[in-house]
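Residue numbers for the sequence shown follow UniProt numbering, beginning at 1 and rising by one.
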Amino acid sequence: MVAWAVELSEYDIIFVPRGNIKSQILADFILELSAPLDETNTQPWTLSVDGSSNLRGSGARVVLEGPDGVLIEQSLRFAFKASNNQAEYEALIAGMKLAKEMEVKELRAKSDSQLYLIYVPREQNARADLLSKLASTKKPGNNRTVIQETITKPSTGDPGVLMIVENEDWRAPIIQYLQNEKLPDEKKEATRVKKMAAHYTMIGD
1 MVAWAVELSE YDIIFVPRGN IKSQILADFI LELSAPLDET NTQPWTLSVD
51 GSSNLRGSGA RVVLEGPDGV LIEQSLRFAF KASNNQAEYE ALIAGMKLAK
101 EMEVKELRAK SDSQLYLIYV PREQNARADL LSKLASTKKP GNNRTVIQET
151 ITKPSTGDPG VLMIVENEDW RAPIIQYLQN EKLPDEKKEA TRVKKMAAHY
201 TMIGD
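Shown next, in the form of structure tokens:
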């Protein structure tokens, strides 16, 4: 790099190291250079994902392979605590989003998790496995070997909690009276229940 910088300086050209590449920028770049595909004969893309979680952090790797040698690799680092299974889920979601950005028509997903479309043993998914470990141990801001993205929060939020307050069934006093001839203690309410019960008949239990 130093030698090239010296050579370029003679032409008033300044060498600027390339930083991290955002996935959308890469997707746009490949779409611009790729020839339009024949939609009647589209070839499937292959998505390989793998997640890793340890004491130093959680991360995942997405490898999207397309026809004509197109290869997109994305390393994900999670800014939240995630289990191995959750890391797998996040990797699959990120991979599907990336495939959507690339306008992929047919996608085959591979993972070492049995929950996905095609079961692939970890040793056969070596590339995504290795890079997921890289993402889980790499320090933030120090990744220059692969495209890396930090996900600040899970794709799914906390489950909502809904309190349901059940009102007293208006039929209960009538049923009590028809079955057991039991009336409310309040005289006015007892009279009302007797009048209403006159319009109903209990059949069975």
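Yeah, the Cβ is synthetic: ideal placement off N, Cα and C, and Gly gets one too. Since the structure is predicted, the reported quantities are computational estimates derived from the model, not experimental observations.
Helix, strand or coil at residue i [DSSP, three-state]
{"i": "GLN176", "result": "helix"}
{"i": "ILE203", "result": "coil"}
{"i": "GLU186", "result": "coil"}
{"i": "LEU71", "result": "strand"}
{"i": "GLU65", "result": "strand"}
{"i": "ALA198", "result": "coil"}
{"i": "ASN167", "result": "coil"}
{"i": "MET96", "result": "helix"}
{"i": "GLU181", "result": "coil"}
Option nearest residue i by Cα separation, candidates the options
{"i": "ALA79", "options": "ARG171, ALA60 and LEU47", "result": "ALA60"}
{"i": "MET202", "options": "PRO184, LEU178 and ASP185", "result": "LEU178"}
{"i": "MET102", "options": "GLU88, ALA91, LEU64 and ARG77", "result": "LEU64"}
{"i": "ARG108", "options": "PRO67, SER83, LYS195 and ASP185", "result": "PRO67"}
{"i": "GLY51", "options": "MET96, TRP45, SER75 and ASN167", "result": "SER75"}
{"i": "GLY69", "options": "HIS199, TRP45, VAL49 and THR150", "result": "TRP45"}
{"i": "GLN86", "options": "PRO184, GLU106, SER58 and LYS194", "result": "SER58"}
{"i": "ARG192", "options": "GLU181, ASN180 and ILE174", "result": "ILE174"}
For residue i, the residue or residues it bridges with in DSSP
{"i": "PHE78", "result": "SER58 and ILE151"}
{"i": "LEU107", "result": "TRP45"}
{"i": "LEU162", "result": "In DSSP, LEU162 forms no bridge with anything."}
Residue i, buried or exposed, once every other Cβ within 10 Å from all chains shown has been counted against 16
{"i": "TRP170", "result": "exposed"}
{"i": "SER83", "result": "exposed"}
{"i": "LEU71", "result": "exposed"}
{"i": "ILE118", "result": "Bear in mind that the predicted position of ILE118 carries a pLDDT of just 44, short of 50, making it unreliable; the figure below should be weighed with that in mind. Answer is exposed; the Cβ neighbour count stays below 16."}
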